[in-house]
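To start, the structure itself, in structure tokens.
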């Protein structure tokens with residue numbers, strides 16, 4: 001299987017997983033965005049919202065990194081610059097969800 | 001001679017079609033969404049700073065601009081959800097006919113606004 005096919009399959013699988021998570025998050029965002037500190041903490045640290053939110057950000061960054069790299073493919077001409085842009089993108093897509101999940105677990109303690 | 005050389009067609013010379021509008025918006029909302037999700041991660045980080053610092057975030061979200069950001073987020077996510085569902089149907093080989101593609105494009109555009117209103121009303125428990 002060529003890498004482009006693998007990328008396409010990962011993109012589509014992550015999209016299918018992400019769709020219900022996005023809908024779940026939107027309904028919750030609308031209900032808690034103006035709530036007090038304690039209520040917001042409770043949402044992010046109690047189950048199943050902690051697990052679902054963790055999955056949401058993991059798949060959101062995974063899906064976004066794959067799709068934004070396609071945008072880079074279309075609009076960045078130089079191979080070197082494209083490589084730097086892709087590596088930076090994938091680095092952020094790994095670091096931000098890991099840090100956020102660590103913060104969630106610290107908040108739960 | 002140089003003046004007679006043909007120029008590459010630029011995006012601005014094409015007439016707008018529903019499919020091109022939805023396609024461009026799909027890319028733009030995709031990038032906006034990941035920026036929003038990054039701000040949501042920052043929001044979670046702000047929780048570490050304690051309740052007194054969190055009041056700043058809460059006060060901002062209660063302003064008209066804060067509410068606009070929340071409603072804009074719902075629309076941008078809704079657009080991406082509906083447009084991605086359209087793409088998934090295309091991946092199964094469905095909906096490529098011009099008429100169907102135009103109808104589904106319109107469904108994505110108008111559906112995203114209807115979904116925004118529905119999610120806001122249902123999420124706030126207004127019904």
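Protein chains in written order, with the working numbering: chain A, 1 to 109; chain B, 1 to 127. For glycine and all other residues, C-beta sits at the position ideal for the given N, C-alpha and C.
Against residue i, what residues of chain A qualify as contacts under a CB-to-CB distance less than 7 angstroms, listed in chain order?
| i | result |
| --- | --- |
| residue 37 of chain B | 57, 60 |
| residue 120 of chain B | 30 |
Distance check for residue j and residue i, CA to CA, integer angstroms please.
| i | j | result |
| --- | --- | --- |
| residue 77 of chain B | residue 26 of chain A | 8 angstroms |
| residue 88 of chain B | residue 106 of chain A | 37 angstroms |
| residue 71 of chain A | residue 47 of chain A | 36 angstroms |
| residue 33 of chain B | residue 80 of chain B | 8 angstroms |
| residue 10 of chain A | residue 52 of chain B | 42 angstroms |
| residue 14 of chain B | residue 56 of chain B | 46 angstroms |
| residue 74 of chain A | residue 61 of chain A | 20 angstroms |
| residue 86 of chain B | residue 111 of chain B | 12 angstroms |
| residue 100 of chain A | residue 59 of chain A | 13 angstroms |
| residue 50 of chain A | residue 100 of chain B | 40 angstroms |
| residue 54 of chain B | residue 21 of chain B | 39 angstroms |
| residue 96 of chain B | residue 90 of chain B | 7 angstroms |
| residue 40 of chain A | residue 93 of chain A | 24 angstroms |
| residue 85 of chain A | residue 31 of chain B | 14 angstroms |
| residue 72 of chain B | residue 114 of chain B | 13 angstroms |
Answer yes or no: do residue i and residue j have a C-beta to C-beta separation smaller than 8 angstroms?
| i | j | result |
| --- | --- | --- |
| residue 74 of chain B | residue 116 of chain B | yes |
| residue 44 of chain B | residue 95 of chain A | no |
| residue 44 of chain A | residue 56 of chain A | no |
| residue 18 of chain B | residue 106 of chain B | yes |
| residue 120 of chain B | residue 30 of chain A | yes |
| residue 13 of chain A | residue 84 of chain B | no |
| residue 82 of chain B | residue 108 of chain B | yes |
Can you name the residues of chain B whose CB is closer than 8 angstroms to the CB of residue i?
| i | result |
| --- | --- |
| residue 100 of chain A | 41, 44, 45 |
| residue 15 of chain A | 84, 87, 88 |
| residue 22 of chain A | 77, 80, 81 |
| residue 44 of chain A | 44, 47 |
Using a cut-off of 9 angstroms between C-beta atoms, extract the partners of residue i located in chain A.
| i | result |
| --- | --- |
| residue 86 of chain B | Ordered by position in chain A, no residue passes the 9 angstroms Cβ test against residue 86 of chain B, which lies about 11 angstroms from the chain. |
For residue i, go through chain B and note every residue whose CB falls closer than 9 angstroms to its CB, in chain order.
| i | result |
| --- | --- |
| residue 90 of chain A | Correct list: empty, because the minimum Cβ distance to chain B is about 13 angstroms. |
| residue 64 of chain A | 30, 31, 33, 34, 37 |
| residue 51 of chain A | Neighbours of residue 51 of chain A on chain B: none; closest Cβ ~14 angstroms, over 9 angstroms. |
Which residues in chain B sit within 7 angstroms of residue i, going by Cβ to Cβ distance?
| i | result |
| --- | --- |
| residue 67 of chain A | 30 |
| residue 41 of chain A | 47 |
Taking residue i as the query, report the chain A residues whose CB atoms sit under 8 angstroms from its CB, ordered along the chain.
| i | result |
| --- | --- |
| residue 123 of chain B | 26, 27, 28, 29, 30, 31 |
| residue 61 of chain B | 33, 34 |
Is residue i close to chain E? Criterion is C-beta to C-beta, closer than 8 angstroms.
| i | result |
| --- | --- |
| residue 74 of chain B | No chain E appears in the structure shown, which is made up of the protein chains A and B. |
Say whether the stretch 87-98 of chain A touches the stretch 65-75 of chain A, bearing in mind that this needs 3 or more beta-carbon pairs closer than 8 angstroms, one atom from each stretch. yes
Suppose only complete runs of 4+ residues qualify. What are the alpha helix (DSSP H) ranges in the stretch 36-109 of chain A, listed by chain order? 37-45, 49-75, 79-108
Decide yes or no for the touch test of the stretch 31-38 of chain A against the stretch 54-64 of chain B: beta carbon pairs closer than 8 angstroms, at least 3 of them. yes
Entirely within the stretch 85-118 of chain B and at least 4 residues each: give me those alpha helix (DSSP H) ranges in chain order. none
Any alpha helix (DSSP H) of 4 or more consecutive residues that is wholly inside the stretch 13-100 of chain B: 18-47, 51-62, 64-91
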